[in-house]
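Start counting the sequence shown at 139; every next residue gets the next number (the working numbering). Even glycine gets a Cβ: it sits at the ideal position worked out from N, Cα and C. Report on the structure given below.
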Amino acid sequence: MRQVHLVALLGFAALATALPSPSTAHNNLNHRSIKDAKVLILGGGVAGVIAARTLHQQGIDDFLIVEARNELGGRMQNYTIGVPGKQYTVEVGPNWIQGTQTGNGPANPILTLARKHHVKNQYNDLDGSITTYDYNGLKDYRDLLDASVDQFSQIVADAGERVKAQQVDLGLQSAYGITGATPKNMYEAACQYYEVDWAPDQNSWIASAWNNNFTFDVDMGGFSDENNLCIDQRGFKTIIQAEAADFLQPEQVSLNSVVTTIAYSEDGVTVTLQDGTALTADYVLCTFSLGVLQYGDIAFKPTLPSWKVEAIQSMVMATYTKIFLQFKEKFWFDTEMAIYADKERGRYPIWQSLDHGDFSLRIEGMKDSDVQDEVMEVFEPYPLFRGSYSNWPPSFLPGHSENLRAAVDTRLWFAGEATSLKYYGFLHGAYFEGLYAGEEIAKCVNSSTCTGRPHLNSVVDASPYPFVSITP
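In C-alpha cells form, the structure reads like this:
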C-alpha cells in the first residue's frame, strides 16, 4: 500500500534577506550553443552540481550540465503563497537540514552550504514542541508519543543486533510486532506514524536503522539529532544555485533541456534531447531521480543490463505531499507541530505551524473551486522526479544498493540520494554521491585506464551486511 506523507503547514513568517537571488546568475545559461563535452552531467540538482564542482576542482572544466527545468536545484523548489503584501515563500520540495552539527564535530555539508551562502534556517523542534488532537478536538496523548520514541529507539537497537547476527531484514511493521509494540488504538497508531517517517509499510527495518543512525547518532558518525528548517525567502534552492554561481560558466549549463535517449558504448556516449539535439561525450553521469529511472522516461541504448534494472526496481520512491493553508487569523496550536489521531489511519495526521507572529492567511472568503484550483497548482505532479525521495523497502539486500550505484561499461555513471547506502533519502546523501562520482569520473578523464564502479552480476540471498555494526 502506498503511503502518502501529508503535512498541512499553517503559517509562515520569515524575514527576507537583502541578498539577490542566485538564480539570476544563471538566467542566461540556456542561451548557449550546444556543443560536445568530455563529461555530460544529466540533472542540475545537488548531486549534479556537486559532481560538476568536483570536476572543476580536479582541473576538468570540459563538462556540461543538462537540466530539464529552467533553473538549477533539482527537487529543491519553492512557491509563493499569500495575498498581495502578505506573500511568503514556501518549500514544495526539501525543507530541512536533517542532522546539523554537534559542537566542533563534522557538519552536515548541507548546513555548511547554508552557512556559506547565508541561507536562513532555524532549529525545528519536531519532538518536543507538539500538541495532540483527535477528531473531537484537543486530546493530550503526548505520553504515548514519548513511548513511541522509546519503541523506535529499541527497534533501532534490535536492528543492530540483527546485523551482528547476520539475520535477514524485515519491514518496520514486522519490527513493531516482534518487539510487542504494535499500535493498540488510533492514538498509538498516530504516534507511530509520526515517529517512523510517516511510511512504515515501505521501510526496511535494518536499512532504516542505519539510515537514521549514520545521520543523527553522533556515536555512529552522525552529525546531530537536530533538524533545521529553511525559512529563507529566496528558497532552499539558494544553497545549490549560489554554490554553482561560484564556479560555473554560462556555456557549462544547458537549461530547459529534456533528455529522452542515452546511447552508450566503449567509444563514448550520445545523449539525445527532446528537441532532437544530440550531445556527445566520453562519459555521462545520470543524476535522475529513482522514480524517473523506474518509470522508463529515459531510453537507454543498448538497454540497461539486468543487474542494473533489478537494482533500480528493488527500491521504492516515497511520496511526500505538503498542503499549505492560509487563514486571516491564527486560531491553531502554539507549538511547532501537531498530531491528529483519526479512526482512519493516515488521515491528515501531521500538522506544522509556520506561524511566528505575522502570517495572515486568506482561505476564508474564497470559493471552494478557487481553493481547489490553487491547491492543485501547488500539488501539480512533477514527471521530472516521479516521487519525493527514495526508500529501501523490506527485505533489503546490500547488493542491490551496490548495483544501483555501479557504472555501466565505465561510460555510464549514476549518482543521487538513492545511490547512497548510508544516506539515501537525504540531501546530504545526494551531496556525497555527487562528490564521489565527480572524483571517480575525474580519475577516468585524467588516466589512460578507467575501471568504473564494480557491480554484482546477481544478488544472492543472505549476502553479508556491509557494516559490522550500525548501533553504538
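Item, Value
"Nearest-angstrom beta carbon gap, L180 and V409 [assumed within contact, 8 angstroms]", "7 angstroms"
"Span separating the alpha-carbon of V606 from that of M358", "12 angstroms"
"Inter-residue spacing [alpha-carbon to alpha-carbon] between S346 and G414", "42 angstroms"
"Delimiting residues of the alpha helix (DSSP H) encompassing P175", "Here residue 175 is Ala; the residue named in the question, Pro, does not match the sequence. That residue, A175, is in no alpha helix (DSSP H); it is neither H nor E in DSSP."
"Start and end residues, alpha helix (DSSP H) containing T192", "V184 to Q195"
"Bridge partners - M455, DSSP secondary structure assignment", "S528"
"Minimum C-alpha distance to V447 - residue among A328, A544, G237 and R372", "A544"
"Minimum length 3: unbroken beta strand (DSSP E) runs contained in the region 393-451", "397-403, 406-411, 416-419, 421-424 and 437-439"
"Same chain only: Cβ atoms within 8 angstroms of T155, ignoring 5 sequence neighbours per side", "Its pLDDT being 28, under 50, T155 is placed unreliably in this model, and the value from its coordinates should be taken loosely. Correct list, in chain order: H256, K258, D370, Q371 and R372."
"Nearest neighbour of Q292, chosen from I316, P222 and G186 [CA to CA]", "I316"
"Rounded separation between I219 and C582 - CA only", "46 angstroms"
"Reduced DSSP secondary structure (H/G/I, E/B, other) of G309", "strand"
"Alpha-carbon to alpha-carbon, V230 and G211", "12 angstroms"
"Nearest candidate by alpha-carbon position, reference A382, set I203, N541 and D284", "I203"
"Reduced DSSP secondary structure (H/G/I, E/B, other) of Y603", "coil"
"The region 530-548 / the region 307-315 touching (three or more Cβ pairs under 8 angstroms)", "yes"
"Cα-Cα separation between N365 and Q239, rounded to whole angstroms", "10 angstroms"
"Limits of the alpha helix (DSSP H) - the one that N242 falls within", "That residue, N242, is in no alpha helix (DSSP H); it is neither H nor E in DSSP."
"Cross-strand partners of Q260 (DSSP beta bridge)", "L367"
"Closest Cα partner of N349 within the set D599, T557 and Y574", "T557"
"Cβ-based burial, S91 [other Cβ within 10 Å; buried from 16]", "Here the chain comprises residues numbered 139 to 610, so residue 91 is not present and cannot be evaluated."
"Nearest neighbour of N341, chosen from I608, T587 and G563 [CA to CA]", "G563"
"K121 burial status per 10 Å Cβ neighbour count (16 or more: buried)", "Nothing about residue 121 can be reported from this structure: the residues present for the chain run from 139 to 610 only."
"Local conformation of L210 per DSSP, three classes", "coil"
"Residue(s) in a DSSP beta bridge with V204", "L180 and S392"
"Own chain partners of A175 with C-beta closer than 6 angstroms, once the 5 adjacent residues on each side are dropped", "D200, F201, L202 and A419"
"Simplified DSSP state of E502, which is helix, strand or coil", "For E502, the predicted model reports a pLDDT of 44, less than 50, meaning its position is unreliable; a value from the coordinates is still stated below. The answer is coil: DSSP assigns E502 none of H, G, I, E or B."
"DSSP three-state assignment for I608, whether helix, strand or coil", "coil"
"For V301, three-class secondary structure by DSSP", "helix"
"Cβ pair count under 8 angstroms reaching 3, the region 420-438 against the region 461-468", "no"
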